[in-house]
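FYI, the numbering for the sequence shown is 1 to 267, going by the UniProt record's numbering.
Heads up, the beta-carbon is just placed ideally off N, CA and C, and yes, glycines get one too.
Keep in mind the model is a prediction, meaning the values are calculated, not measured.
Data block below; observations after.
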Amino acid sequence: MREPDGSKDGWWINQKWLYVRRAPGNTCISALMDARCGERKISQYGGQAENDSKGCGGVMRSAPFGLLPPSSDDAFGWQFDSAAQAASFTHGHPTAQLASGALAALIGAIVLGQELDEAVNTMMRHLHCREHHEETTRVLQQAIDLATEPPSVAVLESLGGGWVADEALGIAVYAALQCPEPENILKALPLAVTHSGDSDSTGALCGNILGALHGEESLPPQLVFEVEGRGTILELTDDFVYEFTRGHELQGEYGLYTRWTTRYPGW
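See below:
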């Protein structure tokens, strides 16, 4: 991938560690390429992908939608739908989209103070009222039921390999429910990745859930200091919070401050 040359606006464009090849999902790459130069063309960029993929590439990027502030009385519904729509840009199968929405609703419920069990119920309630929910509901309900029994790698394997969205989320939910306490994060994460499938994705999703539940301070230092780009990620997180909780302070009489729009040009 071509390295940034600093000619474009926005500070993230110059973060060179983001340009390292990391085996990007073929579905995401092909869908975005189709939108740019394929049949959909750039005029329809942002439309639903013309494929039937239910891979986990959509749900893997959906956790931040759970941090969106309420725009109405139905905050979780808005988070759910926003994440599902974003997943649809690259994954055309309803299961990929609904699993993405379900994770966003789960994260949103946790952020608003619900305990994990209650947040899972909130997620399932919002999922169940969506069309084509049956496949995703079945896998998640299986994960919830199995989490009442002692943890087992064999049981976790029965949820699938995590290559598709519903299975990836199911494995993550199972591991989080088995070890929900902050002192047990080093039990939950290994459980989430101890299988023969797409273990990095299921581990990341479990980390999304437990990170929202317990916060950064609960993460073991020996893991935190190893995170690549940690400073950049923390800086972006702070900016995200400013935008959605104190956004009015980022603008003056004539609109947004220039330094903010240069930082995030929005195109």
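Drop a sphere of 10 angstroms on the beta-carbon of residue i, count the other beta-carbons inside from all chains shown, and report buried for 16 or more, exposed for fewer.
i      : result
Ser43  : Residue placement at Ser43 is poorly supported in this model, since its pLDDT is 46, which falls under 50; the coordinates still yield a value, given next. So Ser43 counts as exposed.
Ser152 : exposed
Lys54  : buried
Leu112 : exposed
His91  : buried
Glu167 : buried
His93  : buried
Phe240 : exposed
His133 : buried
Trp12  : exposed
Looking at the structure shown, is residue i part of a helix, part of a strand, or coil, going by DSSP?
i      : result
Gln141 : helix
Leu186 : helix
Ile42  : Only weak support exists for where Ile42 lies, its pLDDT of 46 falling under 50; the value from the coordinates is given anyway. It is helical.
Gly231 : helix
Trp11  : helix
Leu48  : The sequence given here places Gln at residue 48; Leu does not occur at that position. Correct three-state label for Gln48: coil.
Gly25  : coil
Gly255 : strand
Gly66  : helix
Gly247 : helix
Between which two residues does the alpha helix (DSSP H) holding residue i run?
i      : result
Glu167 : Ala165 to Gln178
His214 : Ser199 to His214
Gly162 : Unbroken run through Gly162: none, as it is neither H nor E.
Ser152 : Here Ser152 belongs to no alpha helix (DSSP H), and DSSP marks it neither H nor E.
Ala83  : Ala75 to Ser88
Val224 : Pro221 to Val224
Considering Cα atoms alone, identify which of the options is closest to residue i.
i      : options                           : result
Val139 : Ala119, Arg130, Gly162 and Glu118 : Gly162
Glu115 : Leu213, Tyr254, Cys129 and Trp260 : Leu213
Cys129 : Ile110, Glu243 and Ala105         : Ala105
Leu103 : Val173, Thr148, Ala143 and Ile144 : Val173
Ala23  : Gly211, Phe244, Pro221 and Asp200 : Asp200
Met60  : Ile209, Val120 and Thr137         : Ile209
Gly66  : Asn51, Ala84, Cys56 and Glu50     : Ala84
Gly58  : Glu216, Val224, Ala204 and Val193 : Ala204
- Item | Whole alpha helix (DSSP H) elements within the segment 93-119, 4-residue minimum | 94-111
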